[in-house]
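*Asks:*
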Amino acid sequence: MRAPQTGNEAISPQHTRQATIVSALRLWRRLLTVRSTFPIAILCVVFGLSARAEDAENASQSSVQAKISYCKDCHGPSAQGYRGYFPIPRLAGQQPEYLENQLRAFIEHRRTNNIMFNVAHTLSPSVIAALAAEFSKFNPKPIGGAPQQLAAAGKKIFEDGAPDENIAACAACHGPDATGSGEIPRLAGQLYPYVISKLTNWDKERGRNPTIRDTSAIMSPVAHSLSKSQVEAVAAFVSDLK
Ligand code: HEC
Ligand code: HEC
Numbered sequence: 123m124r125a126p127q128t129g130n131e132a133i134s135p136q137h138t139r140q141a142t143i144v145s146a147l148r149l150w151r152r153l154l155t156v157r158s159t160f161p162i163a164i165l166c167v168v169f170g171l172s173a174r175a176e177d178a179e180n181a182s183q184s185s186v187q188a189k190i191s192y193c194k195d196c197h198g199p200s201a202q203g204y205r206g207y208f209p210i211p212r213l214a215g216q217q218p219e220y221l222e223n224q225l226r227a228f229i230e231h232r233r234t235n236n237i238m239f240n241v242a243h244t245l246s247p248s249v250i251a252a253l254a255a256e257f258s259k260f261n262p263k264p265i266g267g268a269p270q271q272l273a274a275a276g277k278k279i280f281e282d283g284a285p286d287e288n289i290a291a292c293a294a295c296h297g298p299d300a301t302g303s304g305e306i307p308r309l310a311g312q313l314y315p316y317v318i319s320k321l322t323n324w325d326k327e328r329g330r331n332p333t334i335r336d337t338s339a340i341m342s343p344v345a346h347s348l349s350k351s352q353v354e355a356v357a358a359f360v361s362d363l364k
């Protein structure tokens, strides 16, 4: 038979915390009895605490600024995107809800990309919200570079879709100016090779965590229906929109 529990055996983290608080209070009372240091001790505590609160606020603001410059190392100095070995998307002017949802998607393995998983999984929800709010305010010109002879055909697909092939007009969801709304992304100014790569690889990269439903399913049938030349045309059209 087990012996009845004594107080000592039942030590939980909460008890440990309480014990720490109790001994801190004892120390504090002992300090108070030293008459000459009493006012100084009070002053230290009062000013020490308020200085620490200010530090915490500055630290979070400066850590968001530090993150932003880290993001810009890859996404470009105004987050306008970067055409490197692989295309890095424009974040500037993007809908904040979309940015937040995608950062969570990388973390939750709904969207697969090793680079962005490594970047995103260290970000707290409040930092994610702050970054999304900041990048949505950026407004650089599109970096361009798409074959412009394709843009006219792309404009038609964007505005009217291709009813015969069951392709919905992009404008119906992404908005007449391709600026998006909420969790539907802005496409205006998005990099030509990035848009092509996303539309071509949709199901390999998105909606990858079957335990979590996500917004990628809304876009999936459209991505499937587009032919290679339609993808190129519509990507050329949106990439130059301001
Ligand atoms: C080492 C390079 C690198 C860094 C640093 C980086 N990114 Fe990325 N990011 C990428 C790449 C590459 C992609 C494209 C992934 C893909 O093709 O699906 C991407 C995609 C994204 C997307 C998806 C955009 C879209 O249109 O769907 C978001 C959002 C994003 N990054 C936010 C950030 C933020 C915020 C930071 C800083 C905290 C950051 N990234 C830092 C390389 C980087
Ligand atoms: C029924 C609504 C709907 C229609 C129609 C639609 N989209 Fe989308 N699209 C979405 C949603 C929602 C997302 C976000 C998906 C996610 O969360 O992964 C998206 C995402 C995208 C992305 C990814 C952007 C990025 O930054 O990674 C591209 C590219 C895209 N759509 C292009 C198009 C094109 C081109 C058309 C027209 C041929 C089109 N879409 C039509 C709803 C739609």
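Every number in the numbering used here is 122 more than the matching position in the sequence shown, counting from 1. The C-beta atom is built at its ideal place from N, Cα and C for all residues, glycine as well.
(1) Any heavy atom of ligand 1 closer than 6 Å to the CB of N331?
(2) Closer than 6 Å to a non-hydrogen atom of ligand 1 - does that hold for the CB of V241?
(3) A255 to V249, Cα distance in whole Å?
(4) Given a cut-off of 7 Å, decide if C196 and I210 are closer than it, judged by their beta-carbon atoms.
(5) Does the Cβ of R226 lie closer than 6 Å to at least one heavy atom of ligand 2?
(6) Whose CA, out of E219, S200, T244 and K350, lies closest to the CA of P315?
(7) Report buried or exposed for R308, applying the criterion of at least 16 other Cβ atoms within 10 angstroms of its Cβ.
(8) Taking the continuous alpha helix (DSSP H) assigned at Q202, which residues delimit it?
(9) Could you check whether the Cβ of C196 sits closer than 6 Å to any heavy atom belonging to ligand 2?
(10) Hey, out of Q352, S184, S246 and V186, whose CA is closest to A274's CA?
(11) Rounded C-beta distance between A201 and R212? I'm assuming under 8 Å.
(12) Name the two residues that bound the continuous alpha helix (DSSP H) containing R308.
(13) Where does L149 fall in DSSP's three states?
(14) What are the uninterrupted segments assigned as alpha helix (DSSP H) that are 4 or more residues long and contained completely in the segment 253-308, given in chain order?
(15) Does any heavy atom of ligand 1 sit closer than 6 Å to the C-beta of M238?
(16) Grouping DSSP H, G and I as helix and E and B as strand, with all else coil, what is I190?
(17) Should I289 and H296 be called a contact, given that it needs their Cβ atoms to be closer than 7 Å?
(18) The alpha helix (DSSP H) that contains N236, what's its start and end?
(19) Report all residues from its chain with a CB closer than 7 Å to the CB of S347; omit the five preceding and five following residues, and keep chain order.
(20) Can you give me the start and stop residues for the alpha helix (DSSP H) that A227 sits inside?
(21) I need the straight-line Cα distance from G283 to N261, nearest angstrom please.
(22) Might you give, ordered along the chain, the residues of its own chain that have their beta carbon closer than 8 Å to the beta carbon of L363, omitting 5 neighbours on each side?
(23) Do you know offhand how far S252's Cα is from V186's?
(24) Excluding the five sequence neighbours on either side, which residues of its own chain have a C-beta within less than 8 Å of the C-beta of V344, listed in chain order?
(25) Looking at V356 and ligand 2, is the gap between the Cβ and the nearest heavy atom below 6 Å?
(26) Among T322, N240, Q271 and F257, whose alpha-carbon lies nearest the alpha-carbon of P199?
*Replies:* Let me lay it out:
(1) Judged by the Cβ position, N331 fails to qualify as a neighbour of ligand 1 at the 6 Å threshold, every heavy atom of the ligand being at least this far.
(2) Flag set: Cβ of V241 near ligand 1.
(3) Rounded to whole angstroms, A255 to V249 spans 10 Å at the Cα level.
(4) A contact, by the Cβ cut-off of 7 Å.
(5) For ligand 2, no non-hydrogen atom lies closer than 6 Å to the CB of R226.
(6) Selected option, being the one with the closest Cα: K350.
(7) Buried: at least 16 other Cβ atoms inside 10 Å.
(8) In the DSSP annotation of this structure, Q202 is not part of any alpha helix (DSSP H), being labelled neither H nor E.
(9) When distances are taken from the beta-carbon of C196 to the heavy atoms of ligand 2, even the shortest one reaches 6 Å or more.
(10) The shortest C-alpha separation from A274 is found at Q352.
(11) So it is a contact: roughly 7 Å between Cβ atoms.
(12) For R308, there is no enclosing alpha helix (DSSP H), as DSSP marks it with neither H nor E.
(13) Unreliable positioning characterises L149 in this predicted model, as indicated by a pLDDT of 40, which lies under 50. The coordinate reading is nonetheless provided below. DSSP places L149 within a helical segment (H, G or I) once states are collapsed to three.
(14) Counting only runs that start and end inside the segment 253-308, the alpha helix (DSSP H) elements of at least 4 residues fall at 273-282 and 292-296.
(15) Annotation for M238 indicates a beta carbon within 6 Å of some heavy atom of ligand 1.
(16) DSSP places I190 in the helix class (H, G or I) of the three-state scheme.
(17) Against a cut-off of 7 Å, the Cβ pair of H296 and I289 comes out as no contact.
(18) Where N236 is concerned, the enclosing alpha helix (DSSP H) stretches over N236 to A242.
(19) Counting only residues of its own chain and dropping the five nearest sequence neighbours on each side, S347 has a CB closer than 7 Å to the CB of E287, N288 and I289.
(20) Here the alpha helix (DSSP H) through A227 covers P218 to I229.
(21) Those two C-alpha atoms are separated by around 28 Å.
(22) Within the same chain, P264, D299, A300, L309, A310 and G311 come within 8 Å of L363 by CB-CB distance, once the 5 residues on both sides are set aside.
(23) The identity of residue 252 in the sequence shown is Ala, whereas the question assumes Ser. Answer to the nearest angstrom: the Cα atoms are 7 Å apart.
(24) Take V344, set aside five residues on each side of it, and the residues of its chain with a beta-carbon closer than 8 Å to its own are I289, A290 and C292, in chain order.
(25) V356 Cβ: within cutoff of ligand 2.
(26) Nearest neighbour of P199 by Cα position, chosen from T322, N240, Q271 and F257, turns out to be F257.
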